[in-house]
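Participant: For the sequence shown, this note's numbering gives the first residue as 40, with consecutive numbering after it.
For every residue, glycine included, the Cβ atom is placed at its ideal position computed from N, Cα and C.
Remember, it's a predicted structure, so these values are computed and weren't measured experimentally.
Below: one structure in structure tokens.
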Amino acid sequence: MHETDVVVIGAGAAGVAAARALSDHVSVVVLEARDRVGGRAWTYHADGMPLDLGAGHLHSADENDWAKLAPALGFTVDQRPPSWARPAYDKNFQLHQQDDYWDAWERLYARIDQAAEAGSAQRMSDFLEPDGRWNALLGAMATYINGAEFSEMVVGEYARYHDSGMNWRVREGYGALIAAYAAPLDVRLNCPVTLIEHAGKRVRVTMPQGEISARAAIVAVPPGLVANETLRFAPALSDKLAAAHKLPLGVADKVFLRVDAPEDLPIETRLFGATDTTETGNYTLRPFGRPLIDGYFGGKFARALEMEGEGAFARFAIEQICAALGNDMRKRLHPVIESGWARDPWSLGAYSYGSEGAQAARAAFAAPVDRKLFFAGEHCSDADFSTAHGAYRTGVKAAAEVIAALRKRSAED
40 MHETDVVVIG
50 AGAAGVAAAR
60 ALSDHVSVVV
70 LEARDRVGGR
80 AWTYHADGMP
90 LDLGAGHLHS
100 ADENDWAKLA
110 PALGFTVDQR
120 PPSWARPAYD
130 KNFQLHQQDD
140 YWDAWERLYA
150 RIDQAAEAGS
160 AQRMSDFLEP
170 DGRWNALLGA
180 MATYINGAEF
190 SEMVVGEYAR
200 YHDSGMNWRV
210 REGYGALIAA
220 YAAPLDVRLN
230 CPVTLIEHAG
240 KRVRVTMPQG
250 EISARAAIVA
260 VPPGLVANET
270 LRFAPALSDK
280 LAAAHKLPLG
290 VADKVFLRVD
300 APEDLPIETR
310 LFGATDTTET
320 GNYTLRPFGR
330 PLIDGYFGGK
340 FARALEMEGE
350 GAFARFAIEQ
360 ICAALGNDMR
370 KRLHPVIESG
380 WARDPWSLGA
390 YSYGSEGAQA
400 ARAAFAAPVD
410 RKLFFAGEHC
420 SDADFSTAHG
430 AYRTGVKAAA
440 EVIAALRKRS
450 AED
């Protein structure tokens, strides 16, 4: 049996941040079920190009902890406004239509903001205009942003999310940045934890390779793994199980296509696959000026495409892009890679959202147990949920709680 002061379960943004915060004070081992670091931040390299299949934007970038860490680690923060802040490709979505759509957007969110100030517990779908021309596209956008439909989100819970309005990117990849930050740590890959025993003075963690004994543990895995009992506790923690069930993860997936002879396509320009249905992709032409198109899919539609198996996102995207740009594009488009976060057994979704009862569930899930078990992850963040910087902050917070608890226990001993 291996012994350490603290074991961190999960090498995503939260686990890495927790372990780095602990590493100057105590011995720490990080256990990761996957064969890589980063969790839902994953940078895949294709032909020398870093492609973020998970977290891609530094949301609230002017306040984002990862944005502050990036330069010291040799990463470039691109501060150009995101593609959605500029006019979209206008051949299949004329500029006057875009103006009309954005007017509808402003009206919708003005109603939602007013309801949030009044403490509304209504669903966000209640605030769509009856038979609104742009309801389908607004609904599709909701799935891209939140991973879930308007009907799944409660106004008061959604409104807790903090957004400074600044959205930047890491040129070399967000996932690569998190992996670089983890480099000094003792991370054990391919080590899925199945059981955490916490009745004794020390915590005992079980994985296929054996056991680790620690004075404390930080659990930094998605809530679905607790909800479906892939990760169990002994004695059982019924309050954590109940909270995990109230924190479903939305689904947001990406596909990357390589483009031959891309010079005729505008750089960093958004392309809407369709404007009259929620079952559509949202595409960026030539991100970073690269010979690529990336596609984004969310909510139930993304989940349905995942269920069709590998290649479904690429097939759908190619059909939509050809419909918008002409069938000659077909021979120029080549699938590179696509994500599948809902079917990933170590994620079971992309990120949490403003679901019913989420605030109380986040607090319940994040609460330490007996000064031995601590919890971190974006789903534990009250105002930065769904983000990698929210995960970072909960990891640092959990580390501080661990250090304080160990010091108190040492004083008592």
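Leaving out the 5 sequence neighbours to the left and right, which residues in its chain are closer than 7 Å to R208 when beta-carbon positions are compared?
Facilitator: Excluding positions up to five away in sequence, the list reads G95, H96, L97 and D117.
Participant: Shortest alpha-carbon distance to F166 belongs to which of F272, A149 and G78?
Facilitator: For the residues F272, A149 and G78, the minimum Cα distance to F166 belongs to A149.
Participant: My output table needs one value for T433: the three-state DSSP class, helix, strand or coil.
Facilitator: Note: T433 maps to helix in three-state DSSP.
Participant: Report the partner residues of I151 according to the DSSP bridge assignment.
Facilitator: None; I151 has no bridge partner.
Participant: Would you mind sorting G34 into buried or exposed? The rule is 16 or more other CB atoms within 10 Å of its CB.
Facilitator: Missing from the structure shown is residue 34; the chain here goes from 40 to 452 and no further.
Participant: Give me the Cα-Cα distance between G204 and K293, rounded to the nearest whole angstrom.
Facilitator: Cα to Cα, the separation comes out at about 22 Å.
Participant: Where in the region 93–140 do unbroken runs of the beta strand (DSSP E), each at least 3 residues long, occur, reported from the N-terminal end onward?
Facilitator: The region 93–140 contains these whole beta strand (DSSP E) runs: 96–98.
Participant: L264 and R73: beta carbons closer than 8 Å?
Facilitator: No, Cβ-Cβ distance for L264 and R73 is not below 8 Å.
Participant: Does DSSP classify L165 as helix, strand or coil?
Facilitator: At residue 165 the sequence reads Asp, which differs from the Leu that was named. Note: D165 maps to helix in three-state DSSP.
Participant: From A439 to A50, what does the alpha carbon distance come to, in whole angstroms?
Facilitator: Distance between the alpha carbons of A439 and A50: 18 Å.
Participant: Looking only at DSSP bridge pairs, what is M346 linked to?
Facilitator: According to DSSP, M346 bridges with nothing at all.
Participant: Inspect the CB distances between the region 49–68 and the region 220–227 and report whether three or more fall short of 8 Å.
Facilitator: Short answer: they touch.
Participant: Taking D367 as part of the beta strand (DSSP E), name the residues at either end of that continuous run.
Facilitator: That residue, D367, is in no beta strand (DSSP E); it is neither H nor E in DSSP.
Participant: Looking at the structure shown, is D292 part of a helix, part of a strand, or coil, going by DSSP?
Facilitator: Strand at D292.
Participant: Quickly, what does DSSP pair F311 with across the bridge? List them, please.
Facilitator: DSSP lists N321 as partners of F311.
Participant: Looking at the structure shown, is R241 part of a helix, part of a strand, or coil, going by DSSP?
Facilitator: Correct three-state label for R241: coil.
Participant: May I ask which residues mark the beginning and end of the beta strand (DSSP E) holding R410?
Facilitator: It is not in any beta strand (DSSP E) - R410 carries neither H nor E in the DSSP assignment.
Participant: Can you tell me whether S425 is buried or exposed? The criterion is at least 16 other CB atoms within 10 Å of its CB, across all chains shown.
Facilitator: The residue is buried, with at least 16 neighbouring Cβ atoms inside 10 Å.
Participant: Straight-line CA distance for A53 to N267?
Facilitator: When rounded, the distance between both Cα atoms is 21 Å.
Participant: Just reading off the beta strand (DSSP E) that R59 is part of, what are its end residues?
Facilitator: Note, R59: premise wrong, no beta strand (DSSP E); alpha helix (DSSP H) at A52 to L61.
Participant: Starting from Y335, follow its DSSP beta bridges and name the residues at the other end.
Facilitator: K293 and N321, per the DSSP bridge assignment.
Participant: Are the beta-carbon atoms of F340 and E318 separated by less than 8 Å?
Facilitator: For F340 and E318, yes; Cβs fall inside 8 Å.
Participant: Rounded to a whole number of angstroms, what is the C-alpha to C-alpha distance between R199 and N103?
Facilitator: Whole-angstrom Cα-Cα distance: 17 Å.
Participant: Starting from P37 and walking both ways along the beta strand (DSSP E), at which residues does that stretch end?
Facilitator: Outside the shown range of the chain (40 to 452) lies residue 37, about which nothing can therefore be said.
Participant: With distance defined between alpha-carbon atoms, name the residue in R79, E250 and S99 nearest to T462.
Facilitator: Outside the shown range of the chain, which is 40 to 452, sits residue 462, and nothing can be said about it.
Participant: Looking at the unbroken beta strand (DSSP E) that takes in E250, where does it start and where does it end?
Facilitator: Counting along the chain, the beta strand (DSSP E) containing E250 begins and ends at G249 to V258.
Participant: In whole angstroms, give me the CA-to-CA distance for E417 and R79.
Facilitator: Each residue's Cα considered, the two are about 11 Å apart.
Participant: What are the boundary residues of the beta strand (DSSP E) that Y83 is part of?
Facilitator: Here the beta strand (DSSP E) through Y83 covers T82 to A85.
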